[in-house]
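> Residue numbers (the numbering used here), protein chains in the order written: chain A, 406 to 1070; chain B, 78 to 177. The C-beta atom is built at its ideal place from N, Cα and C for all residues, glycine as well. A quick note: this is a predicted structure, and the numbers were derived from the prediction, not measured.
1. Quick one: list the residues of chain A neighbouring residue 130 of chain B, beta-carbon separation under 9 Å, in chain order.
2. Specify the secondary structure class of residue 479 of chain A as computed by DSSP and reduced to three states.
3. Residue 1042 of chain A versus chain B: which residues are under 8 Å apart at the beta carbon?
4. Are residue 830 of chain A and residue 690 of chain A closer than 8 Å when you measure CB to CB?
5. Starting from residue 113 of chain B, follow the alpha helix (DSSP H) in both directions and report where the run begins and ends.
6. What do you reckon, are the CB atoms on residue 728 of chain A and residue 623 of chain A nearer than 8 Å?
7. Since residue 708 of chain A is in the alpha helix (DSSP H), which residue starts that stretch and which ends it?
8. Give the DSSP-derived three-state secondary structure of residue 703 of chain A in the structure shown.
9. Return the residues of the region 459-479 of chain A that lie within a Cβ-Cβ distance of less than 7 Å from chain B, sorted by chain order.
10. Name, going along the chain, the residues of the region 817-832 of chain A whose beta-carbon falls closer than 7 Å to a beta-carbon of chain B.
11. For residue 878 of chain A versus residue 800 of chain A, is the C-beta distance shorter than 8 Å?
12. Using only the alpha-carbon positions, how far apart do residue 417 of chain A and residue 616 of chain A sit?
13. DSSP on residue 168 of chain B, reduced to helix/strand/coil?
14. On the criterion of 16 or more Cβ atoms from any shown chain inside 10 Å, does residue 773 of chain A qualify as buried, or is it exposed?
15. If we cut at 8 Å on Cβ distances, does residue 157 of chain B have a partner in chain A?
16. Does any residue of chain A have a CB that is nearer than 8 Å to the CB of residue 91 of chain B?
17. Got a sec: is the Cβ-Cβ distance from residue 1036 of chain A to anything in chain B below 8 Å?
18. Nearest-angstrom Cα distance between residue 1056 of chain A and residue 96 of chain B?
19. Compute the distance between the beta-carbons of residue 777 of chain A and residue 755 of chain A, then report whether it is under 8 Å.
20. Taking only the alpha-carbon atoms, compute the straight-line gap between residue 834 of chain A and residue 784 of chain A and give it to the nearest angstrom.
21. Would you tell me roughly how many angstroms separate the C-alpha atoms of residue 609 of chain A and residue 882 of chain A, rounded to the nearest one?
22. So, helix, strand or coil for residue 644 of chain A, using DSSP?
23. If you measure between the beta carbons of residue 658 of chain A and residue 746 of chain A, is that distance less than 8 Å?
24. For residue 1029 of chain A, does the three-state DSSP call read helix, strand or coil?
25. For the region 637-646 of chain A and the region 706-725 of chain A, state whether three or more C-beta atom pairs, one from each stretch, are separated by less than 8 Å.
26. Scan the region 1009-1026 of chain A for residues whose Cβ lies nearer than 8 Å to a Cβ of chain B and list them as they occur along the chain.
27. Could you check how far apart the C-beta atoms of residue 426 of chain A and residue 524 of chain A are, in whole angstroms? I think they sit under 8 Å.
28. Can you tell me where the alpha helix (DSSP H) with residue 425 of chain A in it begins and where it stops?
29. Name, please, each residue of chain B whose Cβ falls closer than 8 Å to the Cβ of residue 392 of chain A.
30. Expressed to the nearest angstrom, what Euclidean distance is found between the alpha-carbon atoms of residue 648 of chain A and residue 516 of chain A?
31. Measuring straight from C-alpha to C-alpha, what distance separates residue 159 of chain B and residue 80 of chain B?
32. Please state if the CB of residue 860 of chain A and the CB of residue 563 of chain A are separated by a distance shorter than 8 Å.
33. Is it the case that the Cβ atoms of residue 732 of chain A and residue 597 of chain A are separated by a distance below 8 Å?
34. Provide the residue span of the alpha helix (DSSP H) that contains residue 649 of chain A, from first to last.
35. Whole angstroms is fine: what's the gap from residue 880 of chain A's alpha carbon to residue 825 of chain A's?
36. For residue 939 of chain A, report the span of its alpha helix (DSSP H) as first-last.
Structural data, given as C-alpha cells:
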C-alpha cells in the first residue's frame, strides 16, 4: 500500500504529460488544464498519505520501482527514498505546485499554446518529484536535468520573443556549468564508494579523507550554485523572468531553484566531513544574500525585484547550510516557497490587471482597485521582510540566530544587512505598486480589474500558509519541524548547544528592529517624501547606474567568456579559410598543373588505344546502365536484396540449412 | 519476466519498420528517422542479449551506437540542409544525379 502510494506520486503527472503532450490537440484546452492540475492534486493526496504513514514511523524507507542498470558490481535502481526530508520537499513541491497549477488555469486562459504550457508544467512536476524522491545520485541527476530542461522550455515559452529565447538559452548554458561540477562529484563518489545509493554512501562517508570529502563537496557545491542561482552563476535567474509568471513562481522561486539547497542538505554528511567546503557554502550564501539584495533595491520591473529577492533568499538558505543549520535551511526553503510563490502569483495578478504592464514606475495607487491582490501581496511582503509572527520571520531569524550563536559573526553581519535591504526593497515595491498616486497608463487605467476567483483562491490559500506556516518551527530549534527532520538533517558531531532564552529574544528583537527599520525607511522614502529616491539617485549617479545595471556582471561575463568564445570561433573560421583552405587549394593547383601535362599524353597517346576498349564496353553496357537510376531508394533496395541473399547463402553453405528452415525450427 | 524472444521480436519489428521506411518514404527527414529506428532496433537486440548473457559488453556497444547515432543524425541533418539550400529539394527522389 505504502509502496503503491509512493509510486503513484510521480505517475499521475507523468500520465497527464503523456495525455496532453501526445493527444492534447484533440480535446479542448479546458480539459487539458483540468488534467494538469487534477493530476498534481492527486499526487498531493498521495503525498499526504505518505506523510501520515511517515509521521507514525519516521524510519527511512526505500521503494524500488525498477531495476535499471546492473552488471558486475554496478547496480542502479529507479528507486525512491522516503524519509522526513523527502516528505517535506514532496509536500512543498506538490502542495505549492498544485496551487500554482490552479492559478495558471486562470492566468494562462486563452493563451496560445495553453496545452503545451501545461505539458511542460507537468513534465516539470515529474522531474522535480524524481529529483527529491530518488534514492541515488543517478535518479537525482535525471530529475536535476529534467527540471533544467523544463525551465529552459518554459522560459522560452513565448519563443517568438527574441529576449525569451536568449534568456532560455542563457539559463540552459549557465546551468550546464553547474551540472558539469555535479557530474564530476557523482563520478568521484562512484570511483570512491563504488555505489551511488545515498544510504550506502552516507554509511561509508566516514572512511573519506578530508581532501576527498572537500573535493566531492566542492564539486557538489558547483552544481548547487548553478541550479540555485548563487554567485557567480546567478545571472540566469533574473533573465528567466521572461517566462510566464506562474513559471517564475513555481520553477524560479518555489521549487527548482531550491534543488541546490535540498542537494546540499541531502549530502550534508559529506559536507560535514569537509569544513573548508562548508565554510565556502556559507560565504557564498552570505555574499549572495547581500549582493542580490542591493541589486533588488533599484530594479524597476516588478518580477525582477522578486527575482533578485529570490537569489538573495536562496543565499540565506546556503548561509544556513554553511553554518550547519540544515533544518533551518529546509525550514526557510519551505516558508520561502510559501511567501515567494504568493508574491510572484500576486505580481502576476497585478500584471494581469494592468494588461501586461510590469514596470513599477507605471503602477501606483492600485490598493483599492485590486483589493484581494493588494492584501495578499502585503502579507507576502510582511512575511519576507521578517515581521513576526509571519512565516519568514521564524525561519530567517533562526538562520541568523544560528550563525550568531555558533560564532559566525561575519555571516551574521552579511545576513543582517541583507535583511534590512530585503525589508526595504520589498516595501519599496509595495509602496510603488499599490500606494501613492496612480502612474498607470490612461489607456490601461480604465480596465483595471481584479483577477477571477480561480486565481485569487490559490493566492488566499498561500497567504494563509505565509501567515501561519512559520508556527511549524516554533519555538526556534525545538519546534515540530525540527523534531521531524532531526534524524536526517542534524549535522555530524554537533554538540548540544543550549542557548539562553535571553540571547534568543535579544536576537529576535534585533531582527524585528532591522525589518521595521527597512519598512520605516521605505515608508519615509516612498510614502512621505516620494521625490527623495530620485534626489538620492541624482546625488550619486555613478552608484545608481552601476546598481541599476546589476554591477555590469552580465557585461563582465560577456567580455570575459562569451566574447572570447566567439573570437575563438572566428579565429578557427579564419584558420579554416586562410590556412587550411589555401593548403587544400595549393594541393589542388599542383595536381591541376601536373594533370595538364599528363592529360596531353593521355589524350593523344593512351586514349587512342583505350577508345577501342571503351567503345566496345559502352556498347556492351547500355543494357546494364539502367540499373543505376540515380534514385537513392533503388540503391537501398539493391543493398537490402544483396544482404538478404548473402545471409541466405552463408546459412546454406556454413550452417547447412536455409533461413526458412531456421525460422521453422 | 519478459522472454528474450519478445525483445528479439520487438527488435525485428522495429528493424523492418525502419527498413520499409527507408525504402518507401520520400521525405529526407523521415528517411533519416527510419535509419535511427533501425539503429535503435539493433540497440534493443544488443541490450537484450547483454541482459540474457549477463555481460556488460552489449550495453557498452549500445551506448557507443547511441553516441554514433547522435553524430550521424547531426551529419545527416547538415547534409539535408545543404541539399535543400542547393537544390530546394525535400524529397529523396528529387536527388537523382547519382548515376551514369
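So, from the listed chains and residues:
1. Listed along chain A, no residue sits closer than 9 Å to residue 130 of chain B by beta-carbon distance, the nearest being about 10 Å off.
2. strand
3. 100
4. Judged by their CB atoms, residue 830 of chain A and residue 690 of chain A are not nearer to each other than the 8 Å cut-off.
5. 105-129
6. no
7. 707-727
8. coil
9. 476 and 477
10. none
11. yes
12. 43 Å
13. strand
14. exposed
15. no
16. no
17. It does: the Cβ of residue 1036 of chain A has a partner Cβ on chain B nearer than 8 Å.
18. 22 Å
19. no
20. 13 Å
21. One alpha carbon belongs to residue 609 of chain A, the other to residue 882 of chain A, and they sit about 29 Å apart.
22. Helix at residue 644 of chain A.
23. yes
24. coil
25. Contact holds: three or more Cβ-Cβ distances are below 8 Å.
26. Correct list: empty, as no residue qualifies.
27. 4 Å
28. 407-428
29. No information on residue 392 of chain A is available, as it lies outside the stretch 406 to 1070 that chain A covers here.
30. 13 Å
31. C-alpha separation (whole angstroms): 45 Å.
32. no
33. no
34. Looking at the DSSP string, residue 649 of chain A is not in any alpha helix (DSSP H), and its letter there is neither H nor E.
35. 23 Å
36. 937-944
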